[in-house]
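Counting from 30, one number per residue, gives the positions in the sequence shown under my numbering.
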Amino acid sequence: MTGYIGRRLLLMIPTLLGVMLVNFVVVQFAPGGPIERVIAQAGGLGGDVTARVSGSAGESTQAAGIADTPSRYQGAQGLDPAFIAELEKQFGFDKPAHVRFFTMLADYARFDFGDSFYRGMKVIDLIKQKLPVSLSLGLWTTLLVYLISIPLGIRKAVRNGSRFDVWSSGVVVVGYAVPGFLFAVLLIVFFAGGSYLQIFPLRGLVSDDWETFRWGARILDYFWHITLPVIAMAIGGFAGLTMLTKNAFLDEIGKLYVLTARAKGLEERRVLYGHVFRNAILVVVAGFPAAFISVLFTGSLLIEVIFSLDGLGLLGFESILNRDYPVVFGSLFIFTLLGLILNLVSDIAYTVIDPRIDFEARES
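Right, dumping it as structure tokens:
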């Protein structure tokens, strides 16, 4: 297993390179960019924009963007070429694309993601600042989804066709049909002072004076704030995983080894959790990395906006809109690396659940 883990870690390098290269090339053909944004401001605000840009752009050399010739910048007619050249230098576009790409890779190898174009902070500091919010949403939502879906899916499989299976399927369908953001609005209306009760806070991950609390009060305050966002995100996630768990267990329950175990007189609970569970749960484990990444980086965007939570989802969305390329590429690198690591953890979990699985033997 050690050799397999080593090979997987080495394979992460070309995978990261491929992801970064594809996105870098795509950005070259994307319309707009930080220089076009500044040019548009210059066209509407006059020469005062030059001084403001010089103070806010930063000397980042890790962005990818548009071509280096001023003639390709829309709206640049009538502007001083020296001003355009200064913008290129400040945003890092004064070098050829391949030079920028390899410079970016060299910096990323040291986890140096440069500075944001517009926020006046290092990208790594921005990610560290926003990460606790997204990790809180992602970890607790994924944990809640798995704690609900696995027992519910097992019970539905055992009682397949019963009244419990029918009405619980109705609940699952409703949960799958209702968007998470709509459910979040309903939670705010009913439980956060919208129209009825005011039990939970409406915004933030913790209270403003959280640091003055004792540790016990800090923990309670944290869970008090995170309850509604996590429930809103979990409502749609548990439906698919519940049906996946049910179908996996139904498939295993009908196999010959289960019939043999029952024929030997083993208790139903021992058959289910001693034999069926180990084989059926592999399908559920395989989907964990994708589920966590989806919740962490994509599913949380609207929830962060609704509950005023400043996390990675909102940061990435705003960075794409503002063409803040250092933040976009830095976040992409972190997200991809985390996804690759979680996939490796998923493979290791396979062998823990079922020692019969040997990835080394399959590779050889």
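Cβ atoms here follow ideal geometry from the backbone N, Cα and C, with glycine treated the same way. Model, not experiment: these values are computed from the prediction.
When the options are compared against residue i, the one with the closest alpha-carbon
i      : options                           : result
Ile255 : Trp244, Asp237, Leu231 and Leu273 : Leu231
Ala378 : Val51, Asp237 and Arg307          : Arg307
Ala138 : Tyr225, Pro43 and Ser198          : Pro43
Arg184 : Ala277, Phe252, Leu164 and Leu116 : Ala277
Ile179 : Val162, Val201 and Ser165         : Val201
Ile282 : Gly222, His304 and Phe267         : His304
Pro161 : Val187, Leu234 and Asn52          : Leu234
Asn52  : Asp237, Phe267 and Phe130         : Phe130
Leu361 : Phe140, Leu257 and Leu181         : Phe140
Ile177 : Thr31, Arg298 and Gly266          : Gly266
Ala1   : Pro208, Phe252 and Ala69          : Beyond the ends of the chain as shown, which are 30 and 393, falls residue 1; an answer cannot be given.
Phe122 : Ser165, Gly62 and Ala135          : Gly62
Residue i versus residue j - alpha carbon distance
i      : j      : result
Phe142 : Leu46  : 15 Å
Val313 : Val381 : 14 Å
Gly204 : Gly167 : 18 Å
Ile248 : Leu367 : 27 Å
Leu38  : Ser375 : 14 Å
Ser370 : Phe112 : In the sequence as presented, Ser is not what sits at residue 370; that position holds Ile. If you take the alpha carbons of Ile370 and Phe112, they lie about 44 Å apart.
Ser337 : Leu311 : 37 Å
Phe321 : Val300 : 30 Å
Asp339 : Ser329 : 10 Å
Gly359 : Lys157 : 12 Å
Ala86  : Glu117 : For Ala86, the predicted structure reports a pLDDT of 41, less than 50, and the residue's modelled location is therefore unreliable. A value from the coordinates is still provided. Near 10 Å, if we compare the C-alpha coordinates of Glu117 and Ala86.
Thr365 : Leu50  : 13 Å
Leu40  : Asp353 : 29 Å
Asn222 : Phe229 : In the sequence under discussion, the amino acid at residue 222 is Gly, which differs from the Asn named in the question. Between Gly222 and Phe229, the C-alpha separation is close to 8 Å.
Ile217 : Ala206 : 19 Å
Thr132 : Glu240 : 41 Å
Tyr302 : Val55  : 49 Å
Ile335 : Gly35  : 42 Å
Val356 : Ile363 : 10 Å
Gly199 : Tyr33  : 43 Å
Neighbour-count burial assignment, residue i, 16 or more Cβ in a 10 Å radius
i      : result
Arg192 : exposed
Leu196 : Looking at the sequence provided, one finds Trp at residue 196 rather than Leu. Exposed.
Arg81  : Any reading at Arg81 must be qualified, since the residue scores a pLDDT of 43, below 50, and its modelled position is unreliable; the value itself is stated next. Arg81 should be labelled exposed.
Asp154 : exposed
Ser224 : exposed
Val152 : buried
Tyr286 : exposed
Lys159 : buried
Thr271 : buried
Gly342 : buried
Gly149 : exposed
Leu74  : Only weak support exists for where Leu74 lies, its pLDDT of 46 falling under 50; the value from the coordinates is given anyway. Per the 10 Å Cβ criterion, exposed.
At what residue ranges does the segment 204-276 contain a whole run of the beta strand (DSSP E), taking only runs of 3 or more?
none
Looking at C-beta atoms only, is the number of pairs between the segment 279-296 and the segment 233-246 that lie closer than 8 Å three or more?
no
Could you tell me whether the segment 337-354 touches the segment 170-178, where touching means 3 or more Cβ pairs closer than 8 Å?
no
Residue ranges of each alpha helix (DSSP H) run of no fewer than 4 residues wholly in the segment 131-215, ordered along the chain?
152-187 and 192-206
Given 8 Å, three or more beta-carbon pairs between the segment 254-268 and the segment 202-216
yes
I'd like the ranges of any alpha helix (DSSP H) spanning at least 4 consecutive residues and lying wholly in the segment 341-390.
341-350 and 354-382
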